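To get the numbering used here, take the position in the sequence shown, counting from 1, and add 28. What follows is a set of notes on a single structure, which appears directly below.
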Amino acid sequence: MLTALVQGRGPVGRATASALVTALGHRRPEAVDAMRILAKRGEFDAADFGWALAELVRADAVKLARVTPALEDLAFSGAHRETWALLAEAIPALLPKEGERPPTGLADLLKVAVKAALMAGARAEIPGLTEAAARKGGSRVTLEARVLLDAIS
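Here is the structure:
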């Protein structure tokens, strides 16, 4: 069903991106296949997918623990540039502000972002990442933020 959704003509917008991100946590192989098809056709809109991921996580409609392995699968299936671009869009909205708790599973998502960034040869500035990496303490989110910052600098 999901692969049929992306076989149509026309742009993939936020609604389709939201449907696919939601499906990552439920029917991961089919959702990854659909996203891979979009990447192969050059129709993968990382901004829409990143927006959908951030919004759905913040609304507690999607769990990072379920979505993250699917995004790793997507990256390792050859769509590492698209995966990186999606994560680069989503991460600023998912990073906790000072005094806030991070979304459960954020450290693992950052770890996948490191892998995708390295595979893509990415160099970028992600809003809020420098601050997250500079926090005192040794939380997994802080440690992974440091690794990601180093990887993309």
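We put the CB at the ideal spot given by N, CA and C, even for glycine. Predicted model, so just to flag it, every value in this text is computed and none were measured.
| query | result |
| --- | --- |
| Stretch-stretch touch, CB-based, cutoff 8 Å, three pairs: the stretch 118-125 with the stretch 94-102 | no |
| Simplified DSSP state of L123, which is helix, strand or coil | coil |
| Three-way DSSP call (helix, strand, coil) for R151 in this model | coil |
| Residues near L138 by beta carbon distance below 8 Å, same chain, minus five either side | I119, V169, E172, A173, V175, L176 |
| Touching by the beta-carbon criterion (3+ pairs, under 8 Å), the stretch 83-94 and the stretch 138-155 | no |
| Cβ neighbour criterion (16 or more within 10 Å) applied to G70 | exposed |
| Through-space distance from G166 to A43, alpha-carbon basis | 38 Å |
| DSSP-derived helix/strand/coil call for A80 | helix |
| Bounding residues of the alpha helix (DSSP H) (the contiguous stretch that carries E71) | That residue, E71, is in no alpha helix (DSSP H); it is neither H nor E in DSSP. |
| Under the three-state DSSP convention, the category H108 falls into | helix |
| Secondary structure of A103, DSSP reduced to three states | helix |
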